[in-house]
Each structure stands twice: as C-alpha cells, then as structure tokens.
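A.B. asks: Heads up, the sequence shown is in our numbering, so the first residue is 48 and it goes up one at a time.
Think of the CB as a built atom: it goes at the ideal place given N, C-alpha and C, for glycine as much as any other residue.
The following block contains the structure, expressed as structure tokens.
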Amino acid sequence: MILLTPDLRFALRANAINHRAAQRDEVPEPDPVPVLKLFNPVGAATWLATELAEDDDTLFGLADLGFGCPELGYFNLSEIASVRLPFGLGIERDIGFETPHPLSVWSVWARRAGSIPWAETLLHRAAQSGADPELPPSGG
48 MILLTPDLRF
58 ALRANAINHR
68 AAQRDEVPEP
78 DPVPVLKLFN
88 PVGAATWLAT
98 ELAEDDDTLF
108 GLADLGFGCP
118 ELGYFNLSEI
128 ASVRLPFGLG
138 IERDIGFETP
148 HPLSVWSVWA
158 RRAGSIPWAE
168 TLLHRAAQSG
178 ADPELPPSGG
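Encoded structure:
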C-alpha cells in the first residue's frame, strides 16, 4: 500500500510551510487537522500526521505506539514503512480517515483515553450526542 499519496504529501507540506511561516512571523501557530492516519493492522500502533518536513520523510503529529501514552512529536515515514509484521503485512494508511478536529483536540482526547483508536471512538460518540469535542472526555 502507498502510505503517502501526492495529495496527502501536498497537504502535509502545506501545513509544514504554514507552521514555519507562523513561527517566522511570530504569529500564533496553526492547529491543523490531521490529514494522514497510519496504523498497525495487527497491533495497537497508530499515527496521526499534520506536517511533512522538506526532507520528505519526517512527519509531525500524534504517535501512539500502544503503551497508553500518545505523544506529539516527529516520526519518520521511512521507518514506519519498513516495519514488517506477521503474515507479510506492513503498516497501513486508513484510506477513509477524515476529521474535523484539530491536532490539539486529538492530543487531549487521546492522552485522556490512553490511545488514538479509543479517542476516535469517543470523538465519534461525542459528535453523535452533540457534545462539544473541545472539552476533553471525563474518562476512558
């Protein structure tokens, strides 16, 4: 599976450029929505990316390796793509992933819930019930 399509690459690079421009201009940094979700189909690891550096390999976003402590930071596409899993599988891209929530909301909910997948479930439930997704969940 192709982990990074040209459209995703463009969106990730645009977010990185906007972030760098905000830092340069000393204005509030943007809080973009994740545009890429990668996951381990036989495990708990999940990554949400918002930016791609000029090196075309370094992503920024929320990383959840399945240990109950999702973290914001940088990760390498090449390392993720090189992971070999049982049954000849590899890390996959969630082709249906879309979200209206910025990375800051994902970060708060994932940390409180203990994982990105559980945060995704809670955010979906909150949207269905009309709850404000800006407010973190009360439990996981």
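Should isoleucine 127 go down as buried or exposed, given a rule of 16 or more other Cβ atoms within 10 Å for buried?
C.D. replies: As a working mapping, residue 127 is identified with position 80 in the sequence shown. It is buried - the Cβ of isoleucine 127 has at least 16 other Cβ atoms within 10 Å.
A.B. asks: Alpha helix (DSSP H) containing asparagine 65: first to last residue?
C.D. replies: As a working mapping, residue 65 is identified with position 18 in the sequence shown. Note, asparagine 65: alpha helix (DSSP H), 53-72.
A.B. asks: Would alanine 198 and proline 75 be called neighbours here (beta carbons separated by less than 8 Å)?
C.D. replies: Absent from the model: residue 198. The displayed extent of the chain is 48 to 187, so no value can be given.
A.B. asks: Determine the extent of the alpha helix (DSSP H) in which leucine 124 is found, giving its start and end residues.
C.D. replies: Here residue 124 refers to the residue found at position 77 of the sequence shown. First-last of the alpha helix (DSSP H) with leucine 124: 124-128.
A.B. asks: Under the three-state reduction of DSSP, which class applies to phenylalanine 114: helix, strand or coil?
C.D. replies: As a working mapping, residue 114 is identified with position 67 in the sequence shown. Of the three classes helix, strand and coil, the one that applies to phenylalanine 114 here is coil, per DSSP.
A.B. asks: On the three-state DSSP scale, how would you describe arginine 158?
C.D. replies: Along the sequence shown, one-based indexing puts residue 158 at 111. Arginine 158: helix per DSSP, three-state reduction.
A.B. asks: If we ignore side chains and look at the alpha-carbon of each, how far apart do arginine 140 and tryptophan 156 end up?
C.D. replies: As a position in the sequence shown, residue 140 is number 93, starting the count at 1. As a position in the sequence shown, residue 156 is number 109, starting the count at 1. Rounded to whole angstroms, arginine 140 to tryptophan 156 spans 21 Å at the Cα level.
A.B. asks: Short check: CB of tyrosine 121 to CB of leucine 136, under 8 Å?
C.D. replies: As a working note, residue 121 is residue 74 in the sequence shown. As a working note, residue 136 is residue 89 in the sequence shown. Cβ atoms of tyrosine 121 and leucine 136: not closer than 8 Å.
A.B. asks: So what's glycine 135 in DSSP terms, helix, strand or just coil?
C.D. replies: As a working note, residue 135 is residue 88 in the sequence shown. Reduced to three states, the DSSP call for glycine 135 is helix.
A.B. asks: Classify isoleucine 163 as buried or exposed, calling it buried when 16 or more other Cβ atoms lie within 10 Å of its own Cβ.
C.D. replies: In the sequence shown, the residue the question calls residue 163 occupies position 116. Buried, because 16 or more other Cβ atoms sit within 10 Å of the Cβ of isoleucine 163.
A.B. asks: Less than 8 Å between the beta carbons of leucine 132 and asparagine 87, yes or no?
C.D. replies: The sequence position of residue 132 within the sequence shown is 85, counting from 1. The sequence position of residue 87 within the sequence shown is 40, counting from 1. It is a contact, given that the beta carbons lie within the stated cut-off.
A.B. asks: Name the two residues that bound the continuous beta strand (DSSP E) containing glutamate 98.
C.D. replies: One-based indexing of the sequence shown puts residue 98 at position 51. Note, glutamate 98: beta strand (DSSP E), 93-99.
A.B. asks: When the Cα atoms are used, what is the spatial distance from glycine 113 to arginine 67?
C.D. replies: Position 66 of the sequence shown, counted from the start, is the residue given in the question as residue 113. Position 20 of the sequence shown, counted from the start, is the residue given in the question as residue 67. Near 30 Å, if we compare the C-alpha coordinates of arginine 67 and glycine 113.
A.B. asks: Just the Cα atoms here: how many angstroms apart are cysteine 116 and glycine 143?
C.D. replies: As a working mapping, residue 116 is identified with position 69 in the sequence shown. As a working mapping, residue 143 is identified with position 96 in the sequence shown. Computed Cα separation, rounded: 25 Å.
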